[in-house]
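Trainee: Residue numbers for the sequence shown follow full-length UniProt numbering, beginning at 1 and rising by one. Quick reminder that beta carbons are idealized off the backbone N, C-alpha and C, glycines included. I'd like to ask some things about the structure below.
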Amino acid sequence: MEQEARILIVEDDQRLAELTQDYLESNGLEVAIESNGAAAVARVLAERPDLVVLDLMLPGEDGLSICKRLRPDYDGPILMLTARTDDMDQVQGLEMGADDYVCKPVRPRVLLARIRALLRRSEPVESALPQGGKRLVFGTLVIDNAMREAWLDGQTIELTSAEFDLLWLLASNAGRILSREEIFNSLRGIEYDGQDRSIDVRISRIRPKIGDDPMHPRLIKTVRSKGYLFVGEL
1 MEQEARILIV
11 EDDQRLAELT
21 QDYLESNGLE
31 VAIESNGAAA
41 VARVLAERPD
51 LVVLDLMLPG
61 EDGLSICKRL
71 RPDYDGPILM
81 LTARTDDMDQ
91 VQGLEMGADD
101 YVCKPVRPRV
111 LLARIRALLR
121 RSEPVESALP
131 QGGKRLVFGT
141 LVIDNAMREA
151 WLDGQTIELT
161 SAEFDLLWLL
171 ASNAGRILSR
181 EEIFNSLRGI
191 EYDGQDRSID
201 VRISRIRPKI
211 GDDPMHPRLI
221 KTVRSKGYLF
231 VGEL
């Protein structure tokens, strides 16, 4: 998929966008650029790129607002760029539906590695399947890895690509505690640095979507100092 992937860079710094475009295209990706935040949503929905690289600060409309508006209708990976290292910027991006973030100044090799990881993650991961099939059922919660969809009480659950991958990983390992290190390495293919909060943010977003009480979770439990546990039987 990576060699055929179409990337849309939403970035108003034309020189940075063009340098990034040249580097990514030299590594086999097809890349387009959009510099106007106000036009970004319509363009993403019209062109349906395989992945969006989205700057946080844009003229017309900021990246957080764009990400929030895209999510109901676009399920591809969104990689957010931020010039600030403040945790709140990163957490806000994840809460709006971004799949990952990279801090500026952007190192091309790091950006390429993150893009490749997100593209791999957006494909069905056969190795993560439990023996016997691609659909897991927990009462009224149904998770289908082949269709990459989940339902609660017969209603489709709106999940980003990253949220689905995390839910599937936890559910397919129901009854076993997964450490943050295991989750991070499995989903992103790189070592956990001990500070990244993306897993915690996604867990907090997934819980209410699957009918779990965020304050007193029954399905996805936090096991202090150990990680997360998906409870298969209540």
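1) Give me whichever residues DSSP pairs with residue 228 in a beta bridge.
2) Leaving out the 5 sequence neighbours to the left and right, which residues in its chain are closer than 6 Å to residue 224 when beta-carbon positions are compared?
3) From the DSSP output, which residues share a beta bridge with residue 138?
4) Does DSSP put residue 20 in a helix, a strand or coil?
5) Nearest CA to the CA of residue 229: which residue from 6, 175, 205, 216?
6) Do residue 41 and residue 8 count as a contact pair if the criterion is CB distance below 9 Å?
7) Where does the unbroken beta strand (DSSP E) through residue 212 begin, and where does it stop?
8) According to the neighbour-count rule (16 or more other Cβ atoms, all chains shown, within 10 Å of its Cβ), is residue 28 buried or exposed?
9) By the DSSP assignment, the beta strand (DSSP E) with residue 6 in it spans what residues?
10) Taking just the CA atoms, how far does residue 177 sit from residue 12?
11) Can you give, in chain order, each stretch of the beta strand (DSSP E) that sits fully within the UniProt domain "Response regulatory" (6 to 119) and has at least 3 residues?
12) Tell me, to the nearest whole angstrom, how far the beta carbon of residue 63 is from that of residue 54; I am working on the premise that it is less than 8 Å.
13) With which residues is residue 151 paired in a DSSP beta bridge?
14) Taking DSSP as the reference, what is the three-state secondary structure of residue 238?
15) By a C-beta neighbour count over all protein chains shown, 10 Å radius and 16 as the cutoff for buried, is residue 170 buried or exposed?
16) Distance, Cα to Cα, residue 130 vs residue 136?
17) So residue 161 is in the alpha helix (DSSP H); what residue range does that whole segment cover?
18) For residue 197, name the three-state secondary structure that DSSP assigns.
19) Hey, residue 114 and residue 79: beta-carbon distance below 9 Å or not?
20) If distances are taken between C-alpha atoms only, which option among 145, 152, 155 comes closest to residue 269?
21) With C-beta atoms as the reference, is residue 111 less than 9 Å away from residue 24?
22) Can you tell me which of 26, 102, 73 puts its alpha carbon nearest to the alpha carbon of residue 45?
Mentor: Reading it off the structure:
1) Position 228 of the sequence shown, counted from the first residue, corresponds to residue 228. Its beta-bridge partners are 178, 222.
2) The sequence position of residue 224 within the sequence shown is 224, counting from 1. Cβ neighbours of residue 224 beyond the five flanking positions: none.
3) Position 138 of the sequence shown holds residue 138. Bridge partners of residue 138: 141.
4) As a working note, residue 20 is residue 20 in the sequence shown. DSSP places residue 20 in helix when its eight states are reduced to three.
5) The residue you call residue 229 lines up with position 229 of the sequence shown. Nearest option by C-alpha distance: 175.
6) Against the sequence shown, residue 8 aligns to sequence position 8. Against the sequence shown, residue 41 aligns to sequence position 41. In this structure, residue 8 lies away from residue 41, with their beta-carbon atoms at least 9 Å apart.
7) For the purposes of this step, residue 212 is taken as the residue at position 212 of the sequence shown. In this chain, residue 212 is not harboured by any beta strand (DSSP E), its DSSP state being neither H nor E.
8) Counted from its first residue, the sequence shown places residue 28 at position 28. So residue 28 ends up on the exposed side.
9) Here the question's residue 6 lines up with position 6 in the sequence shown. From DSSP, the beta strand (DSSP E) with residue 6 extends over 6 to 10.
10) In the sequence shown, counting from the first residue as 1, residue 12 sits at position 12. In the sequence shown, counting from the first residue as 1, residue 177 sits at position 177. Going from the Cα of residue 12 to the Cα of residue 177 covers about 43 Å.
11) Complete beta strand (DSSP E) runs here, min 3: 6 to 10, 30 to 34, 51 to 55, 78 to 82, 100 to 103.
12) Here residue 63 is taken as the residue at index 63 of the sequence shown, counted from 1. Here residue 54 is taken as the residue at index 54 of the sequence shown, counted from 1. Cβ-Cβ separation between residue 63 and residue 54: approximately 5 Å, consistent with a contact (criterion under 8 Å).
13) Locating residue 151 in the sequence shown gives position 151, counting from the first residue. DSSP, once it has assigned bridges, lists 142, 156 as partnering residue 151.
14) Since the first residue shown for the chain is 1 and the last is 234, residue 238 is missing from the structure and cannot be characterised.
15) For the purposes of this step, residue 170 is taken as the residue at position 170 of the sequence shown. It counts as buried.
16) On the sequence shown, position 130 is the one that residue 130 refers to. On the sequence shown, position 136 is the one that residue 136 refers to. Legend: pLDDT at residue 130 = 46, less than 50; position of this residue unreliable, value from coordinates given subsequently. Those two C-alpha atoms are separated by around 9 Å.
17) Locating residue 161 in the sequence shown gives position 161, where the first residue counts as 1. For residue 161, the enclosing alpha helix (DSSP H) has its first and last residue at 161 to 171.
18) Translated into positions along the sequence shown, residue 197 becomes position 197. Coil.
19) The residue given as residue 114 occupies position 114 in the sequence shown. The residue given as residue 79 occupies position 79 in the sequence shown. For residue 114 and residue 79, yes; Cβs fall inside 9 Å.
20) Any answer about residue 269 is impossible in this case: the structure gives the chain only from 1 up to 234.
21) For this step, residue 111 is matched to residue 111 along the sequence shown. For this step, residue 24 is matched to residue 24 along the sequence shown. Yes. Within cutoff.
22) For the purposes of this step, residue 45 is taken as residue 45 along the sequence shown, with counting starting at 1. Considering only alpha carbons, the answer is 73.
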